[in-house]
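In the working numbering, the protein residues as written are 332 to 481. C-beta atoms are modelled at their ideal positions from N, C-alpha and C, and glycine is treated no differently. Here the structure is a predicted model, which means the values were calculated and not measured. Working notes, beginning with the structure itself.
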């Protein structure tokens, strides 16, 4: 992996790259962005929300996790007319808890990790990595369709 597309996120303890995705209510992929791990979630979300607005102009509500707070909420409302709702974890919880709406993204990541190609980051370019994620999601959707037809 080239050094220009690699980084370290101290908060999530991730070295390399991060994958940012937007899914619909069924967990199907709408948009994907691969960045260096050192890029903050808020900066990546600006690019991702702009892509969502350009491709799926009818989307008006997006749920996000706690990393997408701050001035991004106002920017999404003013620039793209998207209501960005941050789903927060309760302060009194300890350990793992399933949060509404956020589990849809985590489930989609789990589906994508069934592709051996995505288990490690083999791609040298971020656009190739994004294409592999789209290809893996296409395989997930086509398998579902084949089960339903048969």
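Taking the straight line between their C-alpha atoms, what separation do you get for residue i and residue j?
| i | j | result |
| --- | --- | --- |
| residue 357 | residue 384 | 19 Å |
| residue 386 | residue 435 | 21 Å |
| residue 482 | residue 405 | Any answer about residue 482 is impossible in this case: the structure gives the chain only from 332 up to 481. |
| residue 477 | residue 469 | 12 Å |
| residue 350 | residue 365 | 5 Å |
| residue 324 | residue 371 | Any property of residue 324 remains undetermined from this structure, which presents the chain solely from 332 to 481. |
| residue 442 | residue 354 | 12 Å |
| residue 450 | residue 461 | 14 Å |
| residue 475 | residue 446 | 15 Å |
| residue 453 | residue 376 | 24 Å |
| residue 456 | residue 412 | 31 Å |
| residue 379 | residue 419 | 20 Å |
| residue 397 | residue 479 | 36 Å |
| residue 464 | residue 367 | 16 Å |
| residue 431 | residue 338 | 30 Å |
| residue 381 | residue 423 | 35 Å |
| residue 448 | residue 425 | 34 Å |
| residue 439 | residue 466 | 13 Å |
| residue 403 | residue 346 | 24 Å |
Check for me: the beta strand (DSSP E) holding residue i runs from which residue to which?
| i | result |
| --- | --- |
| residue 348 | 345-354 |
| residue 366 | 360-367 |
| residue 338 | 338-340 |
Please classify residue i: is it buried, with 16 or more other beta-carbons within 10 angstroms of its beta-carbon, or exposed?
| i | result |
| --- | --- |
| residue 415 | buried |
| residue 459 | exposed |
| residue 392 | exposed |
| residue 340 | buried |
| residue 444 | exposed |
| residue 428 | exposed |
| residue 362 | buried |
| residue 348 | buried |
For the alpha helix (DSSP H) containing residue i, list its first residue and its last residue.
| i | result |
| --- | --- |
| residue 462 | 457-480 |
| residue 372 | 372-386 |
| residue 449 | 447-450 |
| query | What are the start and end residues of each continuous alpha helix (DSSP H) run of 4 or more residues lying completely inside the segment 391-443, in chain order? | reply | 402-411 and 433-443
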